[in-house]
Amino acid sequence: MAQISNAEKDSLYIQQVENQKEPNKVLHAEPLYIDLIRDLGARRGEKEWNLGLGLTDNLKFDSYEALIEYEWAPMDRLGLEVELPFTFYSPLNGTQRDSLPSNKLNSIKIAAQWSFFVSEPMATSMALGYINEFELSNFRNFGAPLISGNVYNPFLVVAKRWGTNIHSLIYTGPMIAQNFETQKFHTTYDINTSFHYMITGTRNFIGVEFNKTMDRRDFDMTIRPQMRLGIADNLMIGIVGGIPVSRENERLSSFLRLIWEPAHKRK
37 MAQISNAEKD SLYIQQVENQ KEPNKVLHAE PLYIDLIRDL GARRGEKEWN LGLGLTDNLK
97 FDSYEALIEY EWAPMDRLGL EVELPFTFYS PLNGTQRDSL PSNKLNSIKI AAQWSFFVSE
157 PMATSMALGY INEFELSNFR NFGAPLISGN VYNPFLVVAK RWGTNIHSLI YTGPMIAQNF
217 ETQKFHTTYD INTSFHYMIT GTRNFIGVEF NKTMDRRDFD MTIRPQMRLG IADNLMIGIV
277 GGIPVSRENE RLSSFLRLIW EPAHKRK
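Here this note's numbering is used: the first residue of the sequence shown is 37, the next is one more, and so on.
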């Protein structure tokens, strides 16, 4: 039996994703830290659960991040998401516990993403999206008030696959935070770029994200090398490191994402 070349394996896997069903869809590598609401070019009936765990080494304390997230496509090209992100804090040596931020359920995040351009010949997809984040009081003051503010986050995604293995993506938009008590607004702007190499004939990849935030005259960037491994047909794990370019408030970080895609059938 003749062996299948790497190029043929890549071509067969891309065809499995793109050409087996309608409407058209392009295979893209999705970043693991700033992930998308749903695959670009989502098909009706797709769904996915995510569990995330992270650790950040700050200057005076460690912060532990946890999230649970559900995303689904109620119709072709439209993805929806609900996410509950938590943060817990632990003091470092010499830091008083009462000086730490309080543990909290950060917010209730709801989001939508619409893929308005999908081109298989160009291996390119584009989407517009919106995340609304209801910020909650910390556990120390939970319920007083329950919702302390809101974050408005429209965004644009543009992704391109170069050949069969190289993937690039840009995710950008403003984050407008409103404090309900003071009625003040604070705006930052994010530009997140990512580059990935997908391993031949698999969903596994290695890559890097560059998460950049502009805040008035301040500019911060964190470099996040990462890899994704398939451990079953519908189960993957993502491993992410975090290296801040300027260590003003935090040092190294790590993040782990467990991704489960239940099987679905189009009606």
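Built from N, CA and C at the ideal position, the CB exists for glycine as well.
Item: Glycine 278 Cβ short of 7 Å to the ligand SAH heavy atom set; Value: The ligand SAH is absent from the structure shown, which contains no ligand whatsoever.
Item: CB of asparagine 247 within 8 Å of CB of arginine 260, strictly; Value: yes
Item: Residues that DSSP places opposite isoleucine 244 in a beta bridge; Value: Correcting the residue identity first, residue 244 is valine in this sequence and not isoleucine. Phe231, Pro261, per the DSSP bridge assignment.
Item: Which listed residue (Gly277, Ala299, Pro298, Val281) has its alpha carbon closest to that of phenylalanine 291; Value: Gly277
Item: Whole-angstrom distance between alanine 147 and glycine 266, CA atom to CA atom; Value: 26 Å
Item: Same chain only: Cβ atoms within 6 Å of methionine 37, ignoring 5 sequence neighbours per side; Value: Any reading at methionine 37 must be qualified, since the residue scores a pLDDT of 43, below 50, and its modelled position is unreliable; no value is offered.
Item: Beta-carbon spacing of glutamate 117, glutamate 101 below 8 Å; Value: no
Item: Arginine 176 (DSSP reduced to helix, strand or coil); Value: helix
Item: Proximity of lysine 140 and leucine 172 at Cβ, strictly below 8 Å; Value: yes
Item: Touch test, the segment 229-237 against the segment 196-215, Cβ-Cβ under 8 Å, three pairs minimum; Value: yes
Item: Contact set for phenylalanine 241: own chain, Cβ-Cβ below 8 Å, skip 5 residues either direction; Value: Ala65, His203, His232, Tyr233, Met234, Ile235, Met263, Arg264
Item: Own chain partners of glycine 185 with C-beta closer than 7 Å, once the 5 adjacent residues on each side are dropped; Value: Glu171, Ala213, Gln214, Asn215, Phe216
Item: Backbone CA spacing between tryptophan 85 and tryptophan 296 [nearest angstrom]; Value: 5 Å
Item: In chain order, each beta strand (DSSP E) run of at least 3 residues that lies wholly inside the segment 193-218; Value: 202-215
Item: Exposed unless 16 or more other CB atoms sit within 10 angstroms - verdict on asparagine 228; Value: buried
Item: Whole-angstrom C-beta distance between methionine 158 and valine 193, which should lie under 8 Å; Value: Contact flag wrong, Cβ pair sits at about 15 Å.
Item: CB of arginine 293 within 8 Å of CB of leucine 68, strictly; Value: yes
Item: Length of the line joining the Cα atoms of lysine 303 and arginine 79; Value: Confidence in lysine 303 is poor, its pLDDT being 49 and thus under 50, which makes the residue's placement too unreliable to answer from.
Item: Where the beta strand (DSSP E) containing tyrosine 306 begins and where it ends; Value: Residue coverage of the chain in this structure runs from 37 to 303, which leaves residue 306 outside it and unanswerable.
Item: Integer Cβ distance of serine 289 from aspartate 256, believed to fall under 8 Å; Value: With 8 Å as the limit, serine 289 and aspartate 256 do not qualify as a contact, their Cβ atoms being about 13 Å apart.
Item: Where the beta strand (DSSP E) through valine 118 begins and ends; Value: 114-127
Item: Pairwise C-alpha distance: glycine 237 and glycine 199; Value: 14 Å
Item: Euclidean distance between Cα positions of alanine 109 and tyrosine 225; Value: 27 Å
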